[in-house]
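**Student:** If you're matching positions, the sequence shown starts at 1 in my numbering and goes up one per residue.
Just so it is clear, CB atoms sit at the ideal spot from N, CA and C, and this is done for glycine as well.
Mind having a look at this structure? Questions to follow.
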Amino acid sequence: MKTKVRKIFDTTSHVPSTKVREVTHMLKAIHAQENRKAAQEKADAVIADLHAKRLTRAAELIEESIGETLTYYSFPDSHWRKIRTNNPLERIMKEIRRRTRVVGAFPDGQSCLNLAAARLRHIAAGKWSARKYMSMTPLYQDKHQTHGAVA
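Next comes the structure, spelled out in structure tokens:
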């Protein structure tokens, strides 16, 4: 079963090829809003627009999945970009693909797994593991603020 987040990205598969670019821009506009309320309003407008254009399946997918895709608004805005993208994972997968293409054909699945695991160990031991992807300070500040109460 697909997750709701994945469904929203499959929206373009339910749209004619001539409308894919337009729908993609609509989806990006939803996630480019300042806050969750504005994003939900934009999503509602996009859903209405898709219904008006008779792209009902795409509208239904967005309608049932948009709530989950907007959960990153619950976090501090400094985290939004890093939560809603999976660039680090894509970079790791690209590196593994690059290494496996050099080999070409593996004698068995275990040797391919060994190569991928060796690359992941190298990444974990190297500079990638030492870098901080996100600062958790904004999360802790929200928990420890007294919100006007006398401490």
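So for residue 54, helix, strand or coil by DSSP?
**Tutor:** In the structure shown, residue 54 sits in coil (DSSP, three-state: anything other than H, G, I, E or B).
**Student:** Taking the beta carbon of residue 140 as the centre, do at least 16 other beta carbons fall within 10 Å, making it buried, or is it exposed?
**Tutor:** By the neighbour-count rule (16 or more Cβ atoms within 10 Å), residue 140 is not buried but exposed.
**Student:** Once DSSP output is grouped into helix, strand and coil, what is the label at residue 138?
**Tutor:** Residue 138 falls in the helix class under three-state DSSP.
**Student:** Residue 109 by DSSP, collapsed to three states: which one?
**Tutor:** Residue state, collapsed to three classes: helix.
**Student:** Taking residue 26 as the reference, give the member of 39, 46, 97 and 16 with the closest Cα.
**Tutor:** Ranking the options by Cα distance to residue 26, first place goes to 46.
**Student:** Which residue marks the beginning of the alpha helix (DSSP H) containing residue 11, and which one marks its end?
**Tutor:** Taken as a continuous stretch (DSSP letters only), residue 11 belongs to no alpha helix (DSSP H), as it is neither H nor E.
**Student:** The alpha helix (DSSP H) spanning residue 25 covers which residue range?
**Tutor:** Segment 20-31, the alpha helix (DSSP H) holding residue 25.
**Student:** Which of the three DSSP states, helix, strand or coil, is assigned to residue 87?
**Tutor:** The answer is helix: DSSP assigns residue 87 an H, G or I state.
**Student:** Residue 106 to residue 96, Cα distance in whole Å?
**Tutor:** C-alpha separation (whole angstroms): 14 angstroms.
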